[in-house]
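Heads up: the sequence shown runs through residues 2 to 224, numbered per the working numbering. Backbone N, C-alpha and C fix where the C-beta goes; we use that ideal spot for every residue, glycine too. On a predicted model such as this, the values are computed, not experimentally measured, just so you know.
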Amino acid sequence: MTRALDELLRDPRIWRGRLPVSLNGQRTGFAALDEKLPGRGWPAGSLIELLPTQAGIGELSLLLPALRHQFQSWVAPPYIPYAPALAAAGIDLEKLLVVQAKTPKDSLWALEQILRAGLSSHVLAWHAGEDSRVLRRLQLAAESGGARLFLFRPPRFSRQPSPAALRLYLAPAEQGLYLRLLKCRGAQPTSLILPLASPSTPHALALHPSSPATARRAADRAA
Numbered sequence: 002m003t004r005a006l007d008e009l010l011r012d013p014r015i016w017r018g019r020l021p022v023s024l025n026g027q028r029t030g031f032a033a034l035d036e037k038l039p040g041r042g043w044p045a046g047s048l049i050e051l052l053p054t055q056a057g058i059g060e061l062s063l064l065l066p067a068l069r070h071q072f073q074s075w076v077a078p079p080y081i082p083y084a085p086a087l088a089a090a091g092i093d094l095e096k097l098l099v100v101q102a103k104t105p106k107d108s109l110w111a112l113e114q115i116l117r118a119g120l121s122s123h124v125l126a127w128h129a130g131e132d133s134r135v136l137r138r139l140q141l142a143a144e145s146g147g148a149r150l151f152l153f154r155p156p157r158f159s160r161q162p163s164p165a166a167l168r169l170y171l172a173p174a175e176q177g178l179y180l181r182l183l184k185c186r187g188a189q190p191t192s193l194i195l196p197l198a199s200p201s202t203p204h205a206l207a208l209h210p211s212s213p214a215t216a217r218r219a220a221d222r223a224a
């Protein structure tokens with residue numbers, strides 16, 4: 002009986018399923034959030050979907066502790082990254098790659114290439130598409146390259162299904178940032194408020210909505 006089962010399992014037509022995403026988490030920098038996550042931090046090789054109600058509410062401050070000293074790529078950010086604020090927050094600018102493309106299609110192509118090549122351990126991307134097949138491709142690419150993909154999307158997608166290992170709805174709160182865990186493998190949905198740095202500090206100004214020329218001059222001064 003055992004021999005027959007072994008022979009059956011060796012049949013290439015048998016689908017065995019995919020290995021589960023690693024639960025080994027990277028500390029988020031927020032103890033209250035780590036306690037809610039199965040791996041006590043951001044899961045590796047995963048799509049992590051962030052759905053902020055608007056830009057500039059602290060969504061980047063949420064990620065800064067995990068981004069310090071890491072090789073990272075930012076794909077299609079809505080504003081030009083503000084180098085002085087990033088450097089002040091402990092981001093190594095020599096390990097930061099920023100990719101801008103002419104079309105959303107080009108951005109997605111670049112994003113998949115970065116993920117599959119394993120060029121960065123942490124990838125931030127901004128995407129407003131509605132095709133669930135794209136999200137599935139990105140999840141598989143993140144698994145393949147072992148990267149943590151933080152994908153920012155509009156909050157209207159919060160009610161739609163997603164292959165992401167972790168989904169967070171973000172909104173401003175008087176004491177900091179309100180988080181609602183919409184989906185988390187191995188944990189129940191929950192919500193909490195995290196205290197963040199004051200908006201007047203550099204830590205909350207990682208994206209600078211100034212003109213490209215102004216941002217380039219600021220980046221040159223920080224280099």
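- Roughly how many angstroms separate the alpha carbons of Y179 and L34, rounded to a whole number? Just so you know, the alpha carbons of Y179 and L34 end up roughly 11 Å apart.
- Query: If you draw a straight line from the C-alpha of G40 to the C-alpha of L152, how long is it?
  - Reply: 19 Å
- Assigned secondary structure, F31 (DSSP; H/G/I helix, E/B strand, else coil): Coil.
- Below 7 Å between beta carbons: does that hold for L48 and A165? yes
- Item | Chain-order list of residues whose beta-carbon lies under 8 Å from that of F31 (same chain, five-residue window excluded) | L63, P66, L195
- Task: Would you identify the three-state DSSP class for S121, choosing helix, strand or coil?
- Result: Three-state result, S121: coil.
- Message: 7 Å is my cut-off, CB to CB: does S108 come that close to chain B?
- Response: Structure shown: chain B not included; a single protein chain is present.
- How about A126 and L141: are their beta carbons less than 7 Å apart? no
- Item | Start and end residues, beta strand (DSSP E) containing P173 | 167-174
- Query: Under a Cβ-count criterion, where at least 16 other Cβ atoms within 10 Å of its own Cβ denotes burial, should R160 be classed as buried or exposed?
  - Reply: exposed
- Task: Could you spell out where the beta strand (DSSP E) holding P53 opens and where it closes?
- Result: Annotation for P53: the continuous beta strand (DSSP E) segment containing it runs 47-53.
- Taking all protein chains shown into account, decide if Q176 is buried (16 or more other Cβ within 10 angstroms of its Cβ) or exposed. exposed
- Query: Within 10 angstroms of its Cβ, does T104 collect 16 or more other Cβ (buried), or is it exposed?
  - Reply: exposed
- Could you round the C-beta distance between R168 and E50 to whole angstroms and report it? I think they count as a contact, below 8 Å. 4 Å
- Start and end residues, alpha helix (DSSP H) containing G146: 133-146
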